[in-house]
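So for the sequence shown, this note's numbering puts the first residue at 627; every next one is plus one. Backbone N, C-alpha and C fix where the C-beta goes; we use that ideal spot for every residue, glycine too.
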Amino acid sequence: MIPPLPSGPTVTSLTAAFCAELRARGFAGDLTMAEADRTVLATDNSIYQIMPQAIAFPRDRDDLVRIATLLAEERFVAVRIAPRGGGTGTNGQSLTDGIVVDLSRHMNRILAIDPVRRTARVEAGVVKDQLNAALAEHGLFFAPELSTSDRATIGGMIATDACGQGSCLYGKTRDHVRALTTVLADGTVWHSEPLDAAGLEAAQGRPGLAGAIHREVDRLQRANAALIETTFPPLNRCLTGYDLAHLRRVDGRFDLNAVLCGSEGTLGLLAEATLNVLPLPRHVALVNLRYDSFDAALRDARTLAAFGAASVETVDSKVLGLAQQDPVWEGVAAYFPEDAGERARGVNLIEFVGDGAEAVEAALARLTATLDEAGTAHGRRGYTVARGEAEVGRLWAMRKKAVGLLGNTKGDRRPIAFVEDTAVPPEHLADYIAAFRDALDRRGLEYGMFGHVDAGVLHVRPAIDMKAPGAEALVRAVTEDVVALTRRYGGLLWGEHGKGVRSEFSPRFFGPLYPVLQAVKAAFDPRNQFNPGKIAAPEGAALLTVDGVPTKGQRDRAIPEEVRAGYDEALHCNGNGACFSWDPDEAMCPSWKGTRERRHSPKGRAQLMREWLRRLAAEGRDPLEEARRLRARPGWRAFPARLAATLRRRDDFSHEVHEAMAGCLACKSCTGQCPIKVDVPTFRAKFLELYHGRYLRPLRHHAVAALEIAVPQLARAPRLANAATSLGLARVVGLVHVPRLSGLDLHEELKRRGVAPADARTLGRLPEAERLTSVIVVQDAFTSHYDTPVLLALLDLLIGLGLRPWLAPYRPNGKPLHVHGFLGRFARLAAANADDLGRLAATGVDLVGLDPSMTLTYRSEYRQALPGRDLPRVHLVQEWLAGRLDRARPASGSEPYWLLPHCTERATAQPALADWTEVFAALGLRLSVLPSGCCGMAGTYGHEAEHRAMSERIYGLSWAGHVAGRGRSGRLLADGYSCRSQVKLVDGLRLPHPVEILRDHLAAGPPACRRTTPLTA
């Protein structure tokens, strides 16, 4: 039995005193020094890991003033802070060993939108896609684009002066900033916007820090104007950080925002921003041009940009190959045909936008005519064209996902970010990249490439195993090579992702101008408390270095290799943060969306798991061996020890890990939508198995684990079982809103339909023609016994289609066992089920399951529990039907139906959603799959008393709106049993299952929809 794990690094008394005083002075937000929160916020999207002392989540601007005012007191001169937004930085910008000030939890309000003046005023924690969703109602958008737009905050974009796709047309973030509200180091709230001469004079005359900043920065710019002009290169990307080159605008006005944009939180705390927004382009088209080589794609980019494209983006063959293994490929595969059986080795995506269709089509025609005339010149192979926001959006979604997809390379060597945003003049890009590739090839490093060729920016991520000894030295060596190359080709090391720990190269790039940047830092932050070590350090202070900051790999290195392999579902998380998606109508990740606590996310849970494994290793413990021992002995023998440990409740880091794991809904959105395929349900189950090897389980775990076995017996006396449910007896073990048994006699209903039990011997004796029109329905506990009419509707549908359904003997599926970490019992049950189902499948009759979550368990959890076994495939109903239905008649004239699919199905079997649409169309019906998040029920999660409130909160984020708008029409459908249960509980409505609609339509529809002959197999 695993003993308790010790605590990690302690919080200093100074930090504790600072937090206590902050609270005493009325800080309204949240403060935490919990190890779990600190561990999760010790990482971002970089290779680095720095443990903070505490995290502050300010509620408003007044809280920021409280923080800055307290920092200015002499007793807290040693306290350091770092602002944080979405945590998407690739260079450790928001990491600190001081206090993290996270503005994303509370300061995320859109304060005003003025569609006439085309401005938006937002708090720093607003997510870019959140803002654009609100602006879309007015036909407007915030233009600077980036691949992490669904989780990156406006404050973070301003901090790094972010830009990406389309920057040649739209510029950088600073080009769209009208005004900023910043809390300065003395607590002053300063509203900065361009100032004319009189305004600047007034600002310089102000007392305190605000006046001193304006006087000093103005002096520095005037005194060094010539040096500034020669140092800042004429690139689209400029030099991120303290941009003195644009301090004075073309019209002569003084714009302090040029210095604040790109300052990475080193000069103050950003509270609000007033942004310039633009009209949404009404028309868009995109050419996807394929090449024989990536070099050909790069060298062709300058020619393509001359056609007036809004953007020209490039992707190499490695990224394309990874995309083909991701669900995102389903929507874009048609645009990437193979040429003579060979995949393109590089592509350029050329986008045209405009308000008028004629102008867009004219520009598109000029390009395509040139391409048609040139044929295969310049290494071109061929092209496809996408038109309209929906189609073009799919292609850009694939391109945006490239960042995460590169991290999903197999093996321990994974492409990582540290030299991946260099910028050079576009005319030098191909030669520069050739030299870059030579440098990596000499070291035997693999890599992936994609980026903004029109701006001379290419993201290059070398594959390095950061757990290997010497990895930090390799990072240093490669970085030095790239620094030399960028200088040779007149470019920059940091083109769009900020400096962060790469700030050590600031003196080398800025040369004699660097002391001026030091003076800027000293003017704003005289005590060097705001994100020190980044961009510029005052005299006597040091900058961070690329190989001097602790890395995640260094900590993972302490975990034995066998253990890392046994928990690789967590170990490969690279921090890209796709799980922090803002969109409530996206399934990923419901517990994060519901709590806004980053530990309740796949990234947070993966980080906690890594730290838990590292602490086990430090104590000399082997979780793999412990799991083997637990599975080999009866659980009752350890009961006294577990009872004693539970009652003592000693300090144990495992408790904090457990709190995060217990909040997971096991919806599996992470396994499908995370680019790295971080699999929280799997490593969560492994953790729970070991955690409850030391501490007693809640009684509800045992009740839920036994339910699948007991439900057939309960169904024999449904009135008695339902009476017990009505009396609330389940509340004794912590379960609420337990569903009632259907009460139908399934045996009699089967007899009435002539449906026989599936028996391998009987099926094996069937003539081949009968086997081809037969199908075995695999039961699940919940549909068969709690929603029996749906099972019967499926049988009626199959019969009406001229098929012969057989019902597999009832067997527990085991999903609840896996969810709660009963892994030994689950493996034994899975093996027995696999044997039974295998015998049925061997007859040549296909197996189908009705509930998506339970059916998909046979594909994933069974495969993990029974590695190497040849498992029978249990089809989802719509998968099986889609290939067997002839299209009866067009669906255009029918009333529409809408489907809210189960989130596990959406995440891990996305093509099956299109199968529902095809099946409906084959019977003359129109079905649309609605974008939606999780319903919040997730099996038993929503029936657990401690999770019920959160379950309903998650339901309210997405499903509640869909149900309110369409639920009473009778045409809103749900194929998940738990989803239908949640809707019934919260809104009192019963959503039909798709098979019920199909059954009813088949029975009542026109003759063309009725089947009197068997389907073709």
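Notebook entry, point to check: Mind checking whether H1284 and H1569 have CB atoms under 7 Å apart?
Noted result: no
Note to self: Which runs of the alpha helix (DSSP H) at least 4 residues long sit entirely within the segment 1299 to 1370? Give them in chain order.
What the structure shows: 1306 to 1317, 1325 to 1341 and 1344 to 1352
Next item on the list: Below 8 Å on the Cβ atoms is my guess for G1121 versus A1049; work out the distance and round it to an integer in Å.
Entry: 3 Å
Notebook entry, point to check: Roughly how many angstroms lie between the CA atoms of E647 and G813, to the nearest whole one?
Noted result: 16 Å
Notebook entry, point to check: Roughly how many angstroms separate the alpha carbons of A1270 and R1276, rounded to a whole number?
Noted result: 10 Å
Checklist line | Minimum C-alpha distance to G878 - residue among D921, R701, G825 and L893 | finding: G825
Margin query: For E939, report the span of its beta strand (DSSP E) as first-last.
Written below: S937 to D942
Item checked: Distance, S919 Cα to Y796 Cα -> 29 Å
Next item on the list: Let me know if L1473 comes out buried or exposed under the rule of 16 or more other beta-carbons within 10 Å of its beta-carbon.
Entry: buried
Check: According to DSSP, is N902 helix, strand or coil?
Finding: strand
Margin query: Let's see if you can read the secondary structure: which residues bound the alpha helix (DSSP H) around H1004?
Written below: Going by DSSP, H1004 is part of no alpha helix (DSSP H) at all; its letter is neither H nor E.
Check: V1503 to L924, Cα distance in whole Å?
Finding: 46 Å
Checklist line | Close beta carbons around D822, own chain, < 6 Å, minus the five adjacent residues each side | finding: R879
Check: Whole-angstrom Cβ separation of R1552 and Y1581, contact assumed at under 8 Å?
Finding: So it is not a contact: roughly 26 Å between Cβ atoms.
Margin query: For the beta strand (DSSP E) containing Y1567, name the first residue and the last one.
Written below: Where Y1567 is concerned, there is no enclosing beta strand (DSSP E), given that its DSSP letter is neither H nor E.
Item checked: Three-way DSSP call (helix, strand, coil) for V843 in this model -> helix
Next item on the list: Please name the residue or residues paired with I1161 in a DSSP beta bridge.
Entry: DSSP output for I1161 lists no bridge partner at all.
Margin query: Along the chain, where does the alpha helix (DSSP H) containing D1194 start, and where does it finish?
Written below: D1194 to L1197
Notebook entry, point to check: What is the rounded straight-line gap between the Cα of V938 and the Cα of R800?
Noted result: 22 Å
Notebook entry, point to check: Are the beta-carbon atoms of G792 and A936 separated by less than 7 Å?
Noted result: It is a contact, given that the beta carbons lie within the stated cut-off.
Note to self: Within the continuous alpha helix (DSSP H) that includes P1537, where are the two ends?
What the structure shows: P1537 to A1548
Notebook entry, point to check: What is the DSSP secondary structure of R1574, counted as helix, strand or coil?
Noted result: helix
Next item on the list: Output the boundary residues of the beta strand (DSSP E) element that contains M1214.
Entry: It is not in any beta strand (DSSP E) - M1214 carries neither H nor E in the DSSP assignment.
Check: Going by the C-beta, is A1629 closer than 6 Å to any heavy atom of the ligand COA?
Finding: In the structure shown, the ligand COA is absent, as is every other ligand, since no ligand is present at all.
Check: Could you give the C-beta distance for C1205 and W1218, rounded to a whole number, given that I count them as a contact under 8 Å?
Finding: 6 Å
Next item on the list: In the DSSP assignment, find the beta strand (DSSP E) that holds N974 and state where it starts and stops.
Entry: G972 to G980
Check: Would Y1484 pass as a contact of V1471 if the rule is Cβ separation under 7 Å?
Finding: no
Check: Whole-angstrom Cβ separation of D1091 and P1052, contact assumed at under 8 Å?
Finding: The C-beta distance from D1091 to P1052 rounds to 33 Å, too long to meet the 8 Å contact threshold.
Check: From the DSSP output, which residues share a beta bridge with T808?
Finding: W816 and L896
Next item on the list: Could you tell me whether the segment 735 to 743 touches the segment 689 to 701, where touching means 3 or more Cβ pairs closer than 8 Å?
Entry: The count of Cβ pairs closer than 8 Å, one atom from the segment 735 to 743 and one from the segment 689 to 701, stays below three, leaving the stretches out of contact.
Notebook entry, point to check: Nearest to A983 by alpha carbon, out of T857, A959, H909 and G1030?
Noted result: H909
Note to self: Taking only three categories from DSSP, how would you classify M1235?
What the structure shows: If DSSP states are grouped into helix, strand and coil, M1235 belongs with the helices.
Margin query: Is it the case that the segment 1318 to 1329 contacts the segment 1532 to 1540, given that we only count it when at least three CB pairs across the two stretches are under 8 Å?
Written below: With the cut-off at 8 Å, the segment 1532 to 1540 and the segment 1318 to 1329 do not touch.
Note to self: By the DSSP assignment, the alpha helix (DSSP H) with W1506 in it spans what residues?
What the structure shows: V1503 to A1508
Notebook entry, point to check: beta strand (DSSP E) containing W955: first to last residue?
Noted result: Counting along the chain, W955 falls outside any beta strand (DSSP E), and DSSP gives it neither H nor E.
Item checked: As assigned by DSSP and simplified to three states, the class of Y1073 -> strand
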